[in-house]
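According to our numbering, the sequence shown is numbered sequentially starting from 523.
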Amino acid sequence: MALRGLVRAHGGEHGEAGGTLDHPRAYELVAGLGFLGRRREVFLRLAALAGVRPGARILDVGCGTGYLTRILAPVVDGEGEVVGLDPSEPMIDYARRRAPANCTYVVAGGRDTGLPDASFDVVVSSLAVHHMPVNDRAPAFAEMFRVLRPGGRLLIAEFRPPSNRLTAALTGHMTGPAMRHDPKDLLGTLIPDAGFKVDDEGDLPVLLSYVRAHKPAR
């Protein structure tokens with residue numbers, strides 16, 4: 523099953539209107555295939571890039587099935603906490619059933635989390651921004667800025683289409699319009715416009731790019 527078949531669009535073309543992933547088991551299968559057996563390796567790299575330390579509080583925006591939260595949980599150990607946020611109730615239910623003791627999950631969209639100001643040390647988001655409706659993306663980054671403590675870190679990872687034109691066309695056909703964008707075009711100036719200072723950006727194996735930033739200390 524193609525990834526595009528798993529997405530419930532919120533009116534119109536998913537590339538603009540956004541959508542939710544509501545089939546967690548199928549998503550896990552497709553994600554495993556899509557990362558060519560290297561999914562855990564790639565997400566361990568993301569955890570390292572996030573600079574997570576024991577005792578930290580982490581928010582994962584668009585956590586889906588909770589895959590990244592389960593990788594981060596042992597890093598923050600029993601003193602820390604990982605909170606996963608996703609608008610899809612089926613995905614959150616799946617994550618909760620597999621949650622380590624220091625993980626909690628909230629059904630909510632990125633633009634209105636309901637979480638306290640400056641309550642997290644790190645905010646991460648992987649393969650989620652392209653699912654957000656275009657008009658929700660700037661408010662979602664403003665919300666990430668609000669819940670992050672001064673000096674806290676942000677890590678955004680997004681799909682990077684293949685450089686080969688034929689492979690890119692095939693990938694776009696499988697994944698749909700939301701994942702055809704270059705990450706730089708998708709993110710644009712959303713991160714600095716929200717108040718973050720960009721630290722660095724780069725590529726990861728198996729079609730991912732990342733941006734690291736921080737919230738300036740007052």
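Heads up, the beta-carbon is just placed ideally off N, CA and C, and yes, glycines get one too.
Which listed residue (the options) has its alpha carbon closest to that of residue i
i	options	result
residue 723	716, 717, 736	736
residue 669	587, 543, 583, 563	583
residue 742	738, 739, 730	Lying before the first or after the last residue shown, residue 742 is absent from the chain, which here runs from 523 to 740.
residue 569	645, 718, 656, 651	645
residue 708	666, 671, 654, 633	654
residue 628	612, 711, 683	612
residue 626	740, 640, 656, 600	600
residue 663	710, 739, 556, 602	710
residue 620	592, 649, 643	592
Where the beta strand (DSSP E) containing residue i begins and where it ends
i	result
residue 722	719-726
residue 611	No beta strand (DSSP E) contains residue 611, which is instead part of the alpha helix (DSSP H) from 611-619.
residue 730	730-736
residue 608	603-608
Rounded Cβ spacing between residue i and residue j (contact assumed at less than 8 Å)
i	j	result
residue 554	residue 547	With 8 Å as the limit, residue 554 and residue 547 do not qualify as a contact, their Cβ atoms being about 11 Å apart.
residue 585	residue 566	Wrong, their Cβ atoms sit about 16 Å apart, outside the cutoff.
residue 728	residue 594	Actually they are not in contact, since the Cβ atoms of residue 728 and residue 594 sit about 19 Å apart, beyond 8 Å.
residue 564	residue 597	That belief does not hold up - the Cβ atoms of residue 564 and residue 597 are roughly 16 Å apart, past 8 Å.
Simplified DSSP assignment, three categories, for residue i
i	result
residue 595	helix
residue 679	strand
Residue range of the alpha helix (DSSP H) that includes residue i
i	result
residue 707	705-709
residue 714	712-715
*Which residue spans inside the region 537-591 form an unbroken beta strand (DSSP E) run of at least 3?*
541-543, 579-583
*Can you give, in chain order, each stretch of the alpha helix (DSSP H) that sits fully within the region 628-676 and has at least 4 residues?*
656-669
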